[in-house]
Structure formats: C-alpha cells, structure tokens
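Per our numbering, residue 278 is the first one in the sequence shown, and the count goes up by one each step.
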Amino acid sequence: MIYSYILGRGDRMKQAKVEAQELIDAYRGEKQEEFNNMALSKGGSEGNASAKLQAETNAEITRMQAKFQSNAQKAVDVLLSKCCEVSLEVPSARVRATQKEYGVESIQ
278 MIYSYILGRG DRMKQAKVEA QELIDAYRGE KQEEFNNMAL SKGGSEGNAS
328 AKLQAETNAE ITRMQAKFQS NAQKAVDVLL SKCCEVSLEV PSARVRATQK
378 EYGVESIQ
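Shown next, in the form of structure tokens:
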C-alpha cells in the first residue's frame with residue numbers, strides 16, 4: 278500500500294512538472310509574440326536610423342583614411358629621423374658602472 282502511494286506520488290510529481298513546463302512554454306510563446314509584434318511595429322522607423330548610422334560610419338571611415346593618407350609620410354619621416362639620430366656620447370652612468378666593474382679609478 279505504501280509502495281503504491283509512493284509510485285502514485287511520483288507519477289503526480291511528473292505530471293505536475295509536465296503541466297508546469299507546458300504553462301511556461303505557453304507564457305514564453307505569448308511574450309515572444311508580443312516582442313516580435315512590437316519589434317515589427319517599430320522596425321520601420323529603425324530601418325532609417327540604421328541606414329543613417331551606416332552612412333555616418335562610412336563617412337567617418339572615409340575621413341580617417343584621408344587623414345591617414347595625408348599623415349603617413351610625415352610619420353615615416355619622423356621615424357626615420359629618430360632612427361638616424363645616433364648619439365656617440367657614452368652615458369656617465371655607464372662609464373661609472375664599467376669603471377666599478379673593472380676596478381678602474383675615476384678619471385677626471
């Protein structure tokens with residue numbers, strides 16, 4: 278008798294779970310449909326906003342490319358000038374470190 282009660286209880290729990298899932302799915306479907314309808318109703322005005330945003334983005338990209346083209350040679354010139362500047366002077370800290378390493382007295 279207890280065994281049949283436990284089996285019945287388990288079946289009732291499974292049935293309740295299935296019913297709850299059906300309710301959840303129905304509610305989710307309703308909300309998804311509401312969302313889709315709202316998105317469709319507002320979609321017409323957002324299409325223009327999307328096209329406008331795309332046009333602005335393309336214009337900005339064109340401006341950036343033009344700035345790059347006009348400044349590219351200047352940047353190369355600056356890099357080359359810095360690469361070609363070689364200081365032949367040994368830093369004093371390096372001189373002191375070398376003298377200390379080899380035990381040479383400071384020459385001044």
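Every residue, glycine too, gets a C-beta built ideally from N, C-alpha and C. Since the model is a prediction, treat every value here as computed from it, not as a measurement.
When you compare only the Cα positions, how much space is there between residue i and residue j?
| i | j | result |
| --- | --- | --- |
| residue 344 | residue 362 | 27 Å |
| residue 232 | residue 342 | Only positions 278 to 385 of the chain appear in the structure, and residue 232 is not among them; the question remains open. |
| residue 290 | residue 300 | 15 Å |
| residue 351 | residue 328 | 36 Å |
| residue 287 | residue 319 | 48 Å |
| residue 348 | residue 337 | 16 Å |
| residue 371 | residue 364 | 14 Å |
| residue 311 | residue 353 | 58 Å |
| residue 326 | residue 309 | 24 Å |
| residue 360 | residue 330 | 42 Å |
For residue i, which residues in the same chain have their Cβ closer than 6 Å to its Cβ, ignoring the five residues on either side in sequence?
| i | result |
| --- | --- |
| residue 378 | none |
| residue 293 | none |
Within the same chain, show all residues whose beta-carbon is closer than 8 Å to that of residue i, passing over the 5 residues directly before and after it, in chain order.
| i | result |
| --- | --- |
| residue 382 | 376 |
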